[in-house]
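*Asks:*
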Amino acid sequence: MKAAELFVRCLENEGVEYIFGLPGEENLDVMDALLDSSIRFVTCRHEQGAAFMADVYGRLTGRAGVCLATLGPGATNLFTGVADANMDHAPLVAISGQADTHRLHKESHQVLDLEQMFQSITKYSSRVVAPNIIPEVVRKAFKLAQTDKTGATFIELPENIMKLDTEEPPLHSRQSMLSEPPQEKVQYAAELISQARYPIILAGNGVIRSRAWKELAGFAERLGIPTANTFMAKGVIPFKHPYALGSAGLQAKDYVSCGFSRADVIICIGYDLVEYHPHLWHPTRDRKIIHIDTTPSEVDAHYEVEVGVVGDIRHSLKRIAELATPHEGHPMRVLRQALIEDMNQHARDEAFPVKPQKIIWDLRTAMDLEDIVICDVGAHKMWMARMFRCEHPNTCLISNGFASMGISVPGAIAARLACPQRKVVAVTGDGGFMMNSQEIETAMRLGVAMVVLIWNDGGYGLIDWKQHNTFQRSSNVAFGNPDFVKYAESFGAKGYRIERVADLLPTLRQALADDTVSIIDCPVDYRENLILTEKLGNLVSPL
C-alpha cells in the first residue's frame with residue numbers, strides 16, 4: 001500500500017472517528033485514502049475552525065481530536081486552535097501536508113519549517129521522513145496527546161513520502177495507567193487537612209480530565225471542605241452540592257476570593273496555573289498548599305507546595321479522605337448564600353437591552369442540566385463563568401488557558417458530533433461570532449442542529465470594561481455588525497432578534513427545539529460590567 005494509506009490505517013487503529021480540516025494540493029494522497037476509510041472527514045471553511053473543532057472534541061471525549069490542513073497558510077491557520085488545545089490541555093493531533101522533501105532545504109513556494117514552528121505549541125512535533133516510521137510517529141503523537149497532562153501534537157507529511165510504497169503495519173494502541181500516589185505524601189496531606197482550621201479546595205480542569213468528579217464531591221462532603229472551581233472546571237462539583245462555592249477566576253475581588261483570604265490550607269486538585277494565576281488567589285504567599293494531580297506542580301513564587309500528592313487523582317482523594325479528620329460545620333456557607341442571592345436577583349428583570357444576569361438566568365432555565373454550552377471569550381465569559389450554574393462536568397466549556405476568541409461556533413459543531421444526544425448552545429459576543437461565523441455553513445451542510453446566542457453590544461466589551469477600569473475611557477473598541485437575522489437566513493439557518501426581555505426565554509426554548517442551526521441576536525446591557533466592578537471593589541467580606 002501507499003504511505004498515505006498506511007497513515008490512514010494508523011489513524012483508524014487509534015479509534016479516530018472524525019478529521020476536521022481542509023483539502024489541499026499537498027495532502028491529496030491522504031484525502032484520497034480517506035475515501036476508503038471509516039473515518040469521517042468534516043470539510044471546514046477555515047483551518048482555525050477545524051482546529052477548534054478538534055480541540056472541543058478532544059476535551060469532551062478525552063480522545064484526541066484530529067485536524068488536517070495543507071502546507072504553508074493552511075498550516076499556519078491551524079496554529080491558534082492548536083495552541084488553544086495545548087494550553088487548555090485538550091488532547092489533539094494536528095496534521096499538515098508539506099512540500100516534497102527535495103525542496104525543503106531552500107527557499108521554495110509556500111514552504112515553512114512546520115515541524116519547528118509547531119514545536120513551540122505542542123508536546124510533540126515530527127516530520128515523516130520515510131514510510132516505515134509512520135506507525136511509530138502516529139502512535140507517539142496519540143500517546144503523548146492523550147497522556148497526562150494531555151495536549152496537542154503535530155505531524156508533518158511531505159507529499160512525496162505519502163506516495164511511496166510500504167508494508168509496515170500499525171502499532172498496537174494501548175493506554176497507559178496512572179501511578180498510585182506515594183503513601184507518605186498521602187499521609188502528610190491528610191495530617192495537614194486534619195490540622196487546618198479553614199481549609200478550602202480549588203478544583204481545576206484536571207479533575208475532569210481524570211474523570212474524578214464523583215471522588216471530588218465525596219471528598220468535599222466527607223471532610224466538610226468548601227470547594228471552588230476554576231472557569232475550566234465548571235460542573236466538576238455540582239452547584240447544588242452543599243460545599244460548592246462556585247467559580248473562582250475573576251481578577252476582581254469576589255465572594256470566593258473572601259474564602260481564599262480566610263483559608264489557612266488550600267487544597268489544589270487537578271489545578272493548572274494557566275486557569276487562574278495563583279498571585280490572584282494567594283497574594284500573601286503564606287498559606288499551606290496541597291497539590292493533588294497526575295503530574296508534579298509548576299514552579300511559581302505564589303504556588304510553593306507544602307506537599308505534592310502525584311498519581312491517580314481518584315485514588316489520591318479516596319486515600320486522603322480515609323485518613324483525614326472531617327471538619328465540623330461550614331464556616332464559608334455564607335459565601336455560597338451570597339452568591340446564590342446574587343444569581344437570583346435578576347430572575348424577573350425587565351430592563352432592555354437585556355442585562356447579562358438575566359440572559360444567563362433565562363438560558364439556564366431553557367436548557368436541560370446535561371445540555372452543553374460552549375462559551376466564547378469576551379465579557380460574556382466572565383458573566384457565564386460566575387453565574388451560569390452547572391450540575392455536571394463538561395456542560396459549560398470555557399477556554400481559559402489560551403483564551404482565544406472564535407472558539408464557540410466551531411466548538412459547538414464538534415460538541416454536537418461528540419454528544420449527539422444533547423442540545424448545544426454557543427454563547428458568544430458579536431466580536432467572537434464574526435471570527436468564525438463561516439462555520440455556520442459547515443453546520444448546515446452536516447445537518448447539525450445547534451443554537452448560537454449572540455450577546456450584541458457592537459464592540460469588544462471585555463476590553464472596553466478593562467479600559468474604563470484603568471483609564472476611565474475607551475479606545476477603538478466599537479465596530480458595526482451585519483443584520484444577524486438576515487445573515488443566519490443567508491446560510492439557510494433560522495434567525496431571531498430579541499426586541500424585549502419577555503421574548504428571550506420563549507425564543508431560547510423555540511431555538512433549542514429547532515432541528516437546525518438557530519442564531520439569536522440578543523442586545524446586551526454591558527453597563528452592568530462597571531456596576532459589578534464597583535460592587536466587588538466595595539465588597540465587604542461576609543465572613
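Sequence positions in the sequence shown follow full-length UniProt numbering and run 1 to 543. Don't be surprised by glycine CBs; every beta carbon is placed ideally from N, CA and C. Just so it is clear, the structure is predicted and the values come from calculations on it, not from any experiment.
#1: Buried or exposed for Lys358, please, with buried defined as at least 16 other CB atoms from any protein chain shown within 10 angstroms of its CB.
#2: Quick one, are the C-beta atoms of Pro283 and Tyr198 less than 9 Å apart?
#3: Is Ile454 closer than 9 Å to residue 584 when the C-beta atoms are compared?
#4: Within the same chain, show all residues whose beta-carbon is closer than 8 Å to that of Gly58, passing over the 5 residues directly before and after it, in chain order.
#5: For Ser38 and Asp29, I'd like the C-alpha separation in whole angstroms.
#6: Quick check on DSSP: helix, strand or coil for Gln98?
#7: Figure out for me which residue from Arg174, Leu192, Pro506, Arg209 has the closest Cα to the Cα of residue 578.
#8: State the Cα-Cα distance for the pair Thr470 and Val477, rounded to the nearest angstrom.
#9: Using the Cα positions of Ala83 and Glu328, report the straight-line distance between them to the nearest angstrom.
#10: Report all residues from its chain with a CB closer than 7 Å to the CB of Ala324; omit the five preceding and five following residues, and keep chain order.
#11: Alpha carbon to alpha carbon, what distance is there between Val305 and residue 608?
#12: What residues are listed by DSSP as bridge partners for Tyr18?
#13: Please state whether DSSP places Asp371 in a helix, a strand or coil.
#14: With DSSP as the reference, identify every bridge partner of Glu156, one or two as the case may be.
#15: By the three-class DSSP mapping on this structure, what secondary structure does Met177 have?
#16: Quick check on the burial criterion: 16 or more other C-beta atoms within 10 angstroms. Buried or exposed for Asn456?
#17: To the nearest angstrom, report how far apart Asp312 and Ile531 are at their CA atoms.
#18: Note down, one range per segment and in chain order, each beta strand (DSSP E) of at least 3 residues found wholly within the segment 411–484.
#19: Mind checking which residues open and close the beta strand (DSSP E) that includes Ser518?
#20: Pull up the CB-CB distance for Ala99 and Ser108, whole angstroms please, since I reckon it's below 8 Å.
#21: With a threshold of 8 Å, are at least 3 pairs of Cβ atoms found where one atom belongs to the segment 438–448 and the other to the segment 391–398?
#22: Taking the alpha-carbon positions, what's the Arg139 to Arg211 distance?
#23: Please classify His46: is it buried, with 16 or more other beta-carbons within 10 angstroms of its beta-carbon, or exposed?
#24: Applying the 10 Å Cβ sphere with the 16-neighbour rule, what's the burial state of Glu322?
#25: If we count the other Cβ atoms within 10 Å of its Cβ and call it buried at 16 or more, is His380 buried or exposed?
#26: By how many angstroms is the C-alpha of His241 removed from the C-alpha of Ile200?
#27: If I measure Cβ to Cβ from Asp525 and keep anything under 7 Å in the same chain, skipping five residues before and after, which residues do I get?
#28: With respect to the alpha helix (DSSP H) encompassing Pro23, which residues constitute its N-terminal and C-terminal limits?
#29: Return the bridge partner residues of Ser247 from the DSSP annotation.
#30: Starting from Arg262, trace the alpha helix (DSSP H) both ways and give me its first and last residue.
#31: Please report the residue range of the alpha helix (DSSP H) in which Arg9 lies.
#32: Between the segment 411–426 and the segment 459–474, do at least 3 Cβ pairs fall closer than 8 Å?
#33: Could you spell out where the alpha helix (DSSP H) holding Tyr188 opens and where it closes?
#34: Closest to Met232 by C-alpha separation, out of Tyr243, Ala248, Asn344, would be which residue?
#35: As a quick exercise: from Arg389, Met405, Phe41, pick the residue whose alpha carbon is nearest that of Met434.
#36: Would you tell me roughly how many angstroms separate the C-alpha atoms of Arg422 and Ile372, rounded to the nearest one?
*Replies:* So, to answer that:
#1: By 1-based counting over the sequence shown, the position of residue 358 is 358. Flag for Lys358 reads buried.
#2: Stepping through the sequence shown from its first residue, residue 283 is reached at position 283. Stepping through the sequence shown from its first residue, residue 198 is reached at position 198. No, the pair does not count as a contact, with Cβ atoms beyond the cut-off.
#3: Since the first residue shown for the chain is 1 and the last is 543, residue 584 is missing from the structure and cannot be characterised.
#4: In the sequence shown, the residue the question calls residue 58 occupies position 58. Beyond the five residues adjoining it in sequence on each side, Gly58 comes within less than 8 Å, by CB distance, of Ala64, Gly65, Ala85, Ala90, Pro91, Leu92, Ala145, Thr150 in the same chain, given in chain order.
#5: The sequence position of residue 38 within the sequence shown is 38, counting from 1. The sequence position of residue 29 within the sequence shown is 29, counting from 1. Inter-residue distance for Ser38 and Asp29 is about 16 Å (C-alpha atoms, whole angstroms).
#6: On the sequence shown, residue 98 is found 98 positions in, with the first residue counted as 1. Gln98 carries a strand assignment under DSSP once its states are collapsed to helix, strand and coil.
#7: Lying before the first or after the last residue shown, residue 578 is absent from the chain, which here runs from 1 to 543.
#8: In the sequence shown, the residue the question calls residue 470 occupies position 470. In the sequence shown, the residue the question calls residue 477 occupies position 477. Inter-residue distance for Thr470 and Val477 is about 15 Å (C-alpha atoms, whole angstroms).
#9: Position 83 of the sequence shown holds residue 83. Position 328 of the sequence shown holds residue 328. Per the coordinates, the alpha-carbon of Ala83 lies some 44 Å from the alpha-carbon of Glu328.
#10: Here residue 324 corresponds to residue number 324 of the sequence shown, with the count starting at 1. Contacts found: Ala190, Ile193, Ser194, Leu223.
#11: Here the chain has residues from 1 to 543 only, and residue 608 is not among them.
#12: In the sequence shown, the residue the question calls residue 18 occupies position 18. The partner list for Tyr18 (beta bridge, DSSP) reads Arg40.
#13: What you label residue 371 is simply residue 371 of the sequence shown in a count that begins at 1. In the three-state scheme derived from DSSP, where H, G and I count as helix and E and B as strand, Asp371 is classed as coil.
#14: Within the sequence shown, the letter at position 156 stands for residue 156. DSSP lists Ser96, Arg127 as the bridge partner or partners of Glu156.
#15: Start at 1 with the first residue of the sequence shown, and residue 177 comes out as number 177. Assignment of Met177 by DSSP, reduced to helix, strand and coil, places it in the coil class.
#16: Along the sequence shown, read from residue 1 onward, the residue named residue 456 stands at position 456. When all chains shown are included, Asn456 counts as buried.
#17: Within the sequence shown, the letter at position 312 stands for residue 312. Within the sequence shown, the letter at position 531 stands for residue 531. One Cα belongs to Asp312, the other to Ile531, and the distance between them is close to 43 Å.
#18: With a minimum length of 3 residues, the unbroken runs of beta strand (DSSP E) contained wholly in the segment 411–484 fall at 424–429, 450–456.
#19: Numbered from its first residue, the sequence shown carries residue 518 at position 518. Its beta strand (DSSP E) spans residues 517–523.
#20: Here residue 99 refers to the residue found at position 99 of the sequence shown. Here residue 108 refers to the residue found at position 108 of the sequence shown. About 6 Å; that satisfies the 8 Å criterion.
#21: The segment 438–448 vs the segment 391–398: no contact.
#22: Walking along the sequence shown from the start, residue 139 turns up at place 139. Walking along the sequence shown from the start, residue 211 turns up at place 211. Taking the straight line from one Cα to the other gives about 23 Å.
#23: Taking the first residue of the sequence shown as position 1, residue 46 is located at position 46. Answer is buried; the Cβ neighbour count reaches 16.
#24: As a first step, residue 322 is located in the sequence shown; it is residue number 322 there, counting from the start. Exposed.
#25: Along the sequence shown, one-based indexing puts residue 380 at 380. Label assigned to His380: buried.
#26: Residue mapping note: residue 200 aligns to position 200 of the sequence shown, counting from 1. Residue mapping note: residue 241 aligns to position 241 of the sequence shown, counting from 1. Straight across, the Cα-Cα distance linking Ile200 with His241 is about 15 Å.
#27: Locating residue 525 in the sequence shown gives position 525, where the first residue counts as 1. Its chain contains Ala351, Pro353, Val354, Lys355 as the residues whose beta carbon lies nearer than 7 Å to that of Asp525, once the 5 sequence neighbours on both sides are disregarded; these appear in chain order.
#28: By 1-based counting over the sequence shown, the position of residue 23 is 23. No alpha helix (DSSP H) holds Pro23; DSSP gives it neither H nor E.
#29: For the purposes of this step, residue 247 is taken as residue 247 along the sequence shown, with counting starting at 1. As DSSP reads the structure, Ser247 sits in a beta bridge with Asn229.
#30: Here residue 262 refers to the residue found at position 262 when the sequence shown is read from its first residue. Its alpha helix (DSSP H) spans residues 255–262.
#31: As a position in the sequence shown, residue 9 is number 9, starting the count at 1. Element bounds for Arg9: 3–13.
#32: Counting C-beta pairs closer than 8 Å gives fewer than three between the segment 411–426 and the segment 459–474, which falls short of the contact rule.
#33: As a position in the sequence shown, residue 188 is number 188, starting the count at 1. Where Tyr188 is concerned, the enclosing alpha helix (DSSP H) stretches over 183–195.
#34: The residue labelled residue 232 in the question sits at position 232 within the sequence shown. The shortest C-alpha to C-alpha distance from Met232 to any of Tyr243, Ala248, Asn344 is the one to Ala248.
#35: By 1-based counting over the sequence shown, the position of residue 434 is 434. Of the candidates Arg389, Met405, Phe41, the one whose C-alpha sits nearest the C-alpha of Met434 is Met405.
#36: Taking the first residue of the sequence shown as position 1, residue 422 is located at position 422. Taking the first residue of the sequence shown as position 1, residue 372 is located at position 372. C-alpha separation (whole angstroms): 7 Å.
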